[in-house]
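As structure tokens, the structure follows; a few thoughts come after it.
In this note's numbering, the protein residues as written are 90 to 334.
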């Protein structure tokens, strides 16, 4: 069982907490993308990043600076990662994540938790033309899926739609990927609230690691922050968790 999650926009450098244990599968490809990014002017980079001038200047400085590597799991610092709380996990839990968790990335493609990365800003949906490809989805093609694909092994999707789209076109069967939905009842339909969903995704990753979950059946026992598995709305390729009022 492989679990996919999205990266976070904010990245920190931390060389003191945990050592880098591996390098990204597509490290050489990432260097190609970095070289292309460094050729952009500040104005071009800001347009690509869709951010404020202040944030663009900050990220542009980061792009042209050298940093030591930080393990990916500890470099990303968004809400989901805060609720994973990887710094307090036991060694067996961290080993589980290294074996089962994969972080999708616009720059690196796909990452294991202890792969070394440096600060960057490049979302998968960024309109960056690379090597004759119109965007990063075309550029990466099926390479991310090929790293994930294992016979009869399900892919648990805890990623955003933006990143899951880099995998779904290449699934051998639709049921190979099981998407986790965290929702609320609103006007007789299930609605996802982004911030709460990010918290729940982080909680679920931690739950999987702490309990060494090896199959989708074990995921159904997850319960946190009022979310409970709701069988009536779930299917073979979607597990729905609703937040109780």
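We put the beta carbon where it would ideally sit given N, CA and C, even for glycine.
Worksheet entry | Rounded Cβ spacing between residue 103 and residue 164 (contact assumed at less than 8 Å) | 7 Å
Discussion item. Counting C-beta neighbours from all protein chains within 10 Å, is the total for residue 310 16 or more, i.e. buried, or is it exposed?
Written reply: exposed
Discussion item. Using a Cβ distance threshold of 8 Å, determine whether the segment 122-142 contacts the segment 216-232, with at least three qualifying pairs required.
Written reply: yes
Discussion item. Tell me the rounded alpha-carbon separation between residue 159 and residue 289.
Written reply: 25 Å
Discussion item. Measuring CB atoms only, is the segment 233-241 touching the segment 290-304, in the sense that at least three cross pairs come out at less than 8 Å?
Written reply: no
Practice prompt. Take every Cβ of the segment 109-121, pair it with every Cβ of the segment 200-214, and state whether three or more of those distances are shorter than 8 Å.
Written response: yes
Worksheet item: Below 8 Å between beta carbons: does that hold for residue 332 and residue 273?
Response: yes
Worksheet item: Whose CA, out of 323, 276, 107, lies closest to the CA of residue 179?
Response: 107
Discussion item. Given this structure, state the Cα-to-Cα distance separating residue 147 from residue 210, to the nearest angstrom.
Written reply: 11 Å
Worksheet item: From what residue to what residue does the beta strand (DSSP E) around residue 279 run?
Response: 278-280
Discussion item. On the criterion of 16 or more Cβ atoms from any shown chain inside 10 Å, does residue 258 qualify as buried, or is it exposed?
Written reply: exposed
Practice prompt. With DSSP collapsed to three states, give me the class of residue 231.
Written response: coil
Discussion item. To the nearest angstrom, how far is the alpha carbon of residue 298 from that of residue 185?
Written reply: 6 Å
Fill in: Segments assigned beta strand (DSSP E), at least 3 residues, entirely inside the segment 178-260
190-194, 198-200, 244-246
Worksheet item: When the Cα of residue 279 is compared with those of 245, 244, 319, 305, which residue comes out closest?
Response: 319
Worksheet entry | Endpoints, the beta strand (DSSP E) within which residue 91 is located | 91-94
Worksheet item: Nearest to residue 271 by CA position, among 323, 142, 194, 127, is which residue?
Response: 323
Discussion item. Using a Cβ-Cβ cutoff of less than 8 Å, which residues in the same chain neighbour residue 129 once the five nearest sequence positions on both sides are dropped?
Written reply: 137
Worksheet item: Using the C-alpha atoms, what's the distance from residue 226 back to residue 254?
Response: 8 Å
Practice prompt. Taking the CB atoms as reference points, tell me whether residue 200 and residue 191 lie closer together than 8 Å.
Written response: yes
Worksheet item: Can you name the start and end residues of the alpha helix (DSSP H) that residue 272 belongs to?
Response: Not the alpha helix (DSSP H): residue 272 falls in the beta strand (DSSP E), residues 266-275.
Item to complete: Starting from residue 317, trace the beta strand (DSSP E) both ways and give me its first and last residue.
Response: 316-318
Item to complete: Would you list the one or two residues that DSSP bridges to residue 165?
Response: 100
Worksheet entry | residue 198 to residue 122 span [Cα, whole Å] | 11 Å
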